[in-house]
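Numbering-wise (my numbering), the sequence shown opens with residue 637 and increments by one. Heads up, the beta-carbon is just placed ideally off N, CA and C, and yes, glycines get one too. A quick note: this is a predicted structure, and the numbers were derived from the prediction, not measured. The next block holds one structure in the form of structure tokens; read it before the comments.
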Amino acid sequence: MIVRRDVLKGVASGAGLLLSPAVLAQQAAPQQPAPFQQSMVLDLARSFAKAPFKPSPTDMPDGLSGLNYEQYVGLRYSKEKLIWAADKVGFVIEPLHRGFIFTSHMVIQLVENGLSRRLAYNPEDFEFGSVKRPQTLPDMGFSGFRVLVPREGRLAEVAIFQGASFFKA
């Protein structure tokens, strides 16, 4: 049986999933996977703590600014593209689209087989619901991610990390 605490520990051990906006500018272009060690997360946190605060970019492309709640919840990561769905690790990651009140840009780093790589935003990975998909979108990052586990034939949310301060488990 999958226990919420175990899933959260697994996510926390890969704390390199999220990076602040200070790292964003350095990683806008796709990167090659790089070796990952857990000590890197602590080192990164220490360097951020010493640096002055830099707010995350919040500018939104035309067509995605000013979304209401109903429009925003229609922006969903495609079920076929959920992170680690095919790997049978006991949980999946659903990157969350920017919009509504969640406009801060967040970078997601995936740690797989000891290597860290940046997950690039691709509008084709999302369903846009009632929102007309803009013709062109930059790599605009994500607003956070949701952790889901299989439960009774469906995926159930066990945790969500979104925006600068929203966490629910």
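What residue from S675, G735, Q668, L680 has the CA that sits closest to G780's CA?
Along the sequence shown, read from residue 1 onward, the residue named residue 780 stands at position 144. Comparing Cα-Cα distances from G780 to each of S675, G735, Q668, L680, the minimum goes to G735.
Tell me the DSSP secondary structure of P759 in three-state form.
Counting from one through the sequence shown, the residue named residue 759 turns up at place 123. Helix, per DSSP.
First and last residue of the alpha helix (DSSP H) that includes E706?
Translated into the one-based positions of the sequence shown, residue 706 becomes position 70. 705-709 is the extent of the alpha helix (DSSP H) around E706.
Could you have a look at V677 and say whether DSSP puts it in helix, strand or coil?
Taking the sequence shown and counting its residues from 1, the one referred to as residue 677 is at position 41. Helix, per DSSP.
Within this structure, are the beta carbons of S752 and A681 separated by less than 8 Å?
Residue 752 sits at position 116 when you count from the first residue of the sequence shown. Residue 681 sits at position 45 when you count from the first residue of the sequence shown. Not closer than 8 Å, so no.
I need the straight-line Cα distance from P786 to V747, nearest angstrom please.
Against the sequence shown, residue 786 aligns to sequence position 150. Against the sequence shown, residue 747 aligns to sequence position 111. C-alpha separation (whole angstroms): 21 Å.
When we look at the beta-carbon of L784 and count the other beta-carbons within 10 Å, is it buried (16 or more) or exposed?
Translated into the one-based positions of the sequence shown, residue 784 becomes position 148. Buried, since its Cβ has 16 or more Cβ neighbours within 10 Å.
Count the other C-beta atoms from every protein chain shown that fall within 10 angstroms of the C-beta of R782, then say buried if there are 16 or more, exposed otherwise.
In the sequence shown, residue 782 corresponds to position 146, counting from 1. Result: buried.
For S740, collect the residues of the same chain with a Cβ closer than 7 Å to its Cβ; drop the 5 residues on either side in sequence, then sort them by chain order.
Taking the first residue of the sequence shown as position 1, residue 740 is located at position 104. Counting only Cβ-Cβ distances below 7 Å, and skipping sequence neighbours, we find S692, T694, S779, G799, A800.
Among S766, V728, G710, G765, which residue has its Cα nearest to the Cα of A795?
Here residue 795 refers to the residue found at position 159 when the sequence shown is read from its first residue. Out of S766, V728, G710, G765, V728 has the C-alpha closest to the C-alpha of A795.
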